[in-house]
Each structure stands twice: as C-alpha cells, then as structure tokens.
Amino acid sequence: VRELCLFFTRGVDYRWQSMAILALQEAAEAFTMRLLEDVYLCSLHACRVTLLPKDLQLVRRLRGLE
1 VRELCLFFTR GVDYRWQSMA ILALQEAAEA FTMRLLEDVY LCSLHACRVT
51 LLPKDLQLVR RLRGLE
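Letter 11 of the sequence shown, counting from 1, is numbered 11 in the UniProt record's numbering, and no numbers are missing.
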C-alpha cells in the first residue's frame with residue numbers, strides 16, 4: 001500500500017493506520033470473491049466447471065469494468 005501511495009502521489013509520503021490497511025484488505029477480498037463467484041456462475045451457465053478468461057471478460061463487461 002505504501003509503495004502504491006508513493007507512486008500515485010509522486011513521492012509524498014503518507015502514514016497509514018493499521019485499521020485503514022485492514023479496511024483496504026477487506027474491501028479487496030470482498031471485491032475479488034464476488035468477482036470470482038460471478039465468473040464461476042458464467043462457467044456453470046456454459047455447462048463447464050473450468051473458469052476461462054472469457055468468463056472473466058464477460059463479467060467485467062457486464063459490470064462495466066472494461
């Protein structure tokens with residue numbers, strides 16, 4: 001997190017509270033889990049159990065992330 005913050009703020013160093021880091025981690029995990037659940041549903045809809053890149057692309061397109 002600190003490295004990304006330094007990159008996007010062009011070298012301005014900010015301090016991060018541990019609760020802020022924890023909140024970022026929880027949000028990232030929730031986003032990733034929900035994304036993968038939707039990708040899995042796409043693969044099941046196609047009568048497959050294997051997740052393919054096209055499933056992820058479809059979910060991202062439906063969510064407006066691309």
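Note that the Cβ used here is the ideal one computed from N, Cα and C, for glycine as well. Just so you know, these numbers come straight off a predicted model, no measurement behind them.
Over what stretch of residues does the alpha helix (DSSP H) that includes residue i continue unbroken?
i, result
"Glu3", "Arg2 to Phe8"
"Cys47", "Taken as a continuous stretch (DSSP letters only), Cys47 belongs to no alpha helix (DSSP H), as it is neither H nor E."
Classify residue i as buried or exposed, calling it buried when 16 or more other Cβ atoms lie within 10 Å of its own Cβ.
i, result
"Val59", "buried"
"Val39", "buried"
"Asp13", "exposed"
Give me, in chain order, the residues of the same chain whose beta-carbon lies closer than 7 Å to that of residue i; leave out the 5 immediate sequence neighbours on both sides.
i, result
"Val1", "Trp16, Ile21 and Leu24"
"Leu56", "Val39"
Report whether the distance from the Cβ of residue i to the nearest heavy atom of the ligand MN is below 7 Å.
i, result
"Leu4", "This structure does not include the ligand MN; it has no bound ligands of any sort."
Keeping to the same chain, check which residues put their C-beta closer than 6 Å to that of residue i; ignore five residues upstream and five downstream.
i, result
"Glu66", "Arg60"
"Leu51", "Val39 and Ser43"
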